[in-house]
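Have a look at the structure below, then the notes.
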Amino acid sequence: MAKKANKDEEAAEGGADEAPKSGKKKLVIIGGALALVAALGGGGWFFFLQKKPADDVTAEQAAAAAKKLITFVEMKDMMIGISAGPQQDRQPIVRIKVALEIADPKTADQVKPLLPRVEDAFQVFMRELRPSDLDGSAGMYRLKEELLRRVNVTVYPAKVDAVLFKELLLQ
-12 MAKKANKDEE
-2 AAEGGADEAP
8 KSGKKKLVII
18 GGALALVAAL
28 GGGGWFFFLQ
38 KKPADDVTAE
48 QAAAAAKKLI
58 TFVEMKDMMI
68 GISAGPQQDR
78 QPIVRIKVAL
88 EIADPKTADQ
98 VKPLLPRVED
108 AFQVFMRELR
118 PSDLDGSAGM
128 YRLKEELLRR
138 VNVTVYPAKV
148 DAVLFKELLL
158 Q
């Protein structure tokens, strides 16, 4: 009977211990759920309701760009004979249409009288090219950068922002 009484006492003590443990578990689960809901609510507010500073910067940049007048100066179409490889019978020809992008209309007025010099710089450079120099996008990029450098050297102190290819045909 003593053994039976001890078991009853242990069961009573175990039952008393289990009740607070399950209450603590519920409290932890409820607290975790509340923290999760608060975090999701804060994240939703941050992403959906708060103004993004990037939008403000983009709007300011768009307004500044609208105020800036970009001028394009068209150059004459050029047909240039380029260097032929040792096994080629005929000389390859490049037909090129170019526009110069200039940020200021006053600068464009300074560049227009110098266009014959720019055309000469283009032709002198391009006569030394080989057809393999124009292969792929990397070749086009290198050509564009070199022509931009030569234009800016020719029209200095004016500055051209970009050389834009309207047409580039290799025959």
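Be aware that the sequence shown starts at -12, since it is given in the working numbering, and climbs by one per residue.
All C-beta atoms in this analysis are idealised placements derived from N, C-alpha and C, irrespective of residue type, glycine included.
For clarity, every value in this text was computed on a predicted model and none was experimentally measured.
Residue burial classification, residue i (beta-carbon count within 10 angstroms, cutoff 16)
i	result
MET66	exposed
ALA95	buried
VAL24	exposed
VAL98	buried
VAL111	exposed
PHE109	buried
VAL147	buried
Inter-residue CB distance, residue i and residue j (contact presumed, cutoff 8 Å)
i	j	result
ILE89	VAL60	6 Å
Same chain, Cβ closer than 6 Å to residue i, five either side skipped, listed in chain order
i	result
VAL105	VAL138 and THR141
ALA145	THR94, GLN97 and VAL98
ARG159	Only positions -12 to 158 of the chain appear in the structure, and residue 159 is not among them; the question remains open.
GLY126	ASP120
GLU154	LYS84
THR58	ILE89, PRO92 and ALA95
In DSSP terms, what residue i is bridged to
i	result
GLY68	ILE80
VAL85	PHE152
THR58	ILE89
LEU27	According to DSSP, which records beta bridges pairwise, LEU27 is partnered with nothing at all.
LEU157	VAL81
C-beta neighbour in chain B for residue i, strict 7 Å
i	result
VAL150	In summary, chain B is missing from the structure at hand, where a single protein chain is found.
Nonlocal neighbours in the same chain, by C-beta distance under 8 Å from residue i, ignoring five residues either side
i	result
ILE80	MET66, ILE67, GLY68, ILE69, LEU157 and GLN158
Near the ligand COA: residue i beta-carbon under 6 Å from a heavy atom
i	result
PRO118	Among the ligands in the structure shown, none appear at all, so the ligand COA cannot be discussed.
Same chain, Cβ closer than 7 Å to residue i, neighbours up to 5 away in sequence not counted
i	result
VAL150	VAL85, LEU87, LYS131, LEU134, LEU135 and VAL138
ARG117	ILE69, SER70 and GLY72
LYS55	ALA90
Unbroken stretches of the beta strand (DSSP E), 3 residues or longer, contained in the segment 74 to 144: The beta strand (DSSP E) runs lying completely inside the segment 74 to 144 and spanning 3 residues or more are 80 to 89, given in chain order.
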